[in-house]
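K.L.:
Got a structure for you, questions after.
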Amino acid sequence: MLQKLFKKDTKDFAQELLGMYLIHESPEGKTIGKIVETEAYLWNDPAAHSFRGKTMRNSPMFGKPGTAYVYFTYGMHYCFNVVTANVGIGEAVLIRALEPIEGIELMKKRRKREDLYNLCNGPAKLVQAMGISKEHNTHFLLHKPLYLEERKKEMFSIVKKTRIGISLAKNKLFRFYIKGNDFVSFPV
DNA sequence: GGAACGATTGAT
DNA sequence: TCAATCGTTCCT
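Residues 779 to 966 in this note's numbering are what the first sequence lists, from first letter to last.
Encoded structure:
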């Protein structure tokens, strides 16, 4: 069922991802986070890496839906995306925040921080807490060790806001998060 | 070959 | 509010 979701409209899929679980079974241990905040990046979107066409860096965005796009930025951070749409289109969903569910001690160790609310409340923070690295770039996200999982359906409202940290297409309401969740990066 | 700039974070 | 820090992209 997730297979089909990957090809859905990216803005819809970004919202479908809310409440899903991201699981990493690493050699250090298992960590699980519930996705609570996402952003959609579209093929005709000036803010998207794919906007000016395929390059060495953004090529995973043009690959199979459901693959991971992990990119390096600001000289020191990595961000994690789920590729969507069909092959050759160039769309993805940035995962911006997780609610820590399992492996919290390992997350604290990796983050070198104790505060539960500061472990996964940002795209580069959750990458660090989950032990995601550039090695996971192009990894298919239904396969171990890093994969998505749908669990029990829960009821929540979705807040739609403008995206964080971009300089173009600032007016688009392509950022989504679970209303009232305490683990969102910028709950505004 | 060179310059400008990030889908950020943490400290001041 | 600002520095850290470097790969990618784009211009010359």
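In this text, a Cβ means the ideal position worked out from N, Cα and C, and glycines have one as well.
Tell me whether Gln781 is buried or exposed, calling it buried when 16 or more other Cβ atoms sit within 10 Å of its Cβ.
P.N.:
Numbered from 1 along the first sequence, position 3 holds the residue referred to as residue 781. By the neighbour-count criterion, in which a residue is buried when 16 or more other Cβ atoms sit within 10 angstroms of its Cβ, Gln781 is exposed.
K.L.:
On the DSSP bridge assignment, give the partners of His855 in chain order.
P.N.:
The residue you call residue 855 lines up with position 77 of the first sequence. Looking at the DSSP assignment, His855 forms a beta bridge with Thr851.
K.L.:
Assign Ile801 to one of three DSSP states: helix, strand, or coil.
P.N.:
For the purposes of this step, residue 801 is taken as residue 23 along the first sequence, with counting starting at 1. Strand at Ile801.
K.L.:
Given that a residue counts as buried once 16 or more other Cβ atoms are within 10 Å of its Cβ, and exposed if not, what is Ser828?
P.N.:
Here residue 828 corresponds to residue number 50 of the first sequence, with the count starting at 1. Under this definition Ser828 is a buried residue.
K.L.:
Looking at the unbroken beta strand (DSSP E) that takes in Pro901, where does it start and where does it end?
P.N.:
Translated into the one-based positions of the first sequence, residue 901 becomes position 123. Careful: Pro901 lies outside any beta strand (DSSP E), inside the alpha helix (DSSP H) at 901 to 908.
K.L.:
Quick check: Ser911 and Val871, are their CB atoms within less than 9 Å of each other?
P.N.:
Mapped onto the first sequence, residue 911 falls at position 133. Mapped onto the first sequence, residue 871 falls at position 93. No; because the gap between Cβ atoms is not below 9 Å, this pair is not in contact.
K.L.:
Hey, would you say Lys842 sits closer than 9 Å to Val865, going by beta carbons?
P.N.:
Along the first sequence, one-based indexing puts residue 842 at 64. Along the first sequence, one-based indexing puts residue 865 at 87. Yes, they are a contact pair.
K.L.:
How would you label Lys812, buried or exposed, when you count the other beta carbons within 10 angstroms and need 16 or more for buried?
P.N.:
Taking the first sequence and counting its residues from 1, the one referred to as residue 812 is at position 34. So Lys812 ends up on the buried side.
K.L.:
If you reduce the DSSP assignment to three classes, tell me which class Glu794 lands in.
P.N.:
What you label residue 794 is simply residue 16 of the first sequence in a count that begins at 1. Looking at Glu794 - three-state DSSP - the assignment turns out to be helix.
K.L.:
Return the first residue and the last residue of the alpha helix (DSSP H) that Leu884 is part of.
P.N.:
Taking the first sequence and counting its residues from 1, the one referred to as residue 884 is at position 106. Bounds of the alpha helix (DSSP H) holding Leu884 are 882 to 889.
K.L.:
Please tell me whether, using a cut-off of 8 Å, the distance from the CB of Ala902 to the nearest non-hydrogen atom of the ligand PLP is below it.
P.N.:
Absence of the ligand PLP is noted for the structure shown, with no ligands found whatsoever.
K.L.:
Here's the rule: buried if 16 or more other CB atoms are within 10 angstroms of the residue's CB, otherwise exposed. What is Asn899?
P.N.:
On the first sequence, residue 899 is found 121 positions in, with the first residue counted as 1. Buried.
K.L.:
Excluding five sequence neighbours on each side, which residues of the same chain lie with their C-beta closer than 7 Å to the C-beta of Thr940?
P.N.:
Counted from its first residue, the first sequence places residue 940 at position 162. Result list for Thr940: Lys948, Asn949, Lys950, Leu951, Arg953, in chain order.
K.L.:
For Arg929, write down the residues that DSSP places opposite it in a beta bridge.
P.N.:
Indexing the first sequence from 1 puts residue 929 at position 151. In DSSP, Arg929 forms no bridge with anything.
K.L.:
How long is the line joining the alpha carbons of Ile873 and Pro805, rounded to whole angstroms?
P.N.:
If you number the first sequence from 1, residue 873 lands on position 95. If you number the first sequence from 1, residue 805 lands on position 27. Spanning the two alpha carbons is a distance of roughly 23 Å.
K.L.:
Give a yes or no on whether the C-beta atoms belonging to Phe858 and Val814 are separated by under 9 Å.
P.N.:
Looking up residue 858 in the first sequence gives position 80. Looking up residue 814 in the first sequence gives position 36. No; because the gap between Cβ atoms is not below 9 Å, this pair is not in contact.
K.L.:
Of the residues Thr809, Asp893, Arg835, Leu796, which one's Cα is nearest the Cα of Asn959?
P.N.:
As a first step, residue 959 is located in the first sequence; it is residue number 181 there, counting from the start. The shortest C-alpha separation from Asn959 is found at Leu796.
K.L.:
Look up Thr845 in the DSSP assignment and give the residues it is bridged to.
P.N.:
In the first sequence, the residue the question calls residue 845 occupies position 67. In the DSSP output, where bridge partners are listed per residue, Thr845 has Phe918.
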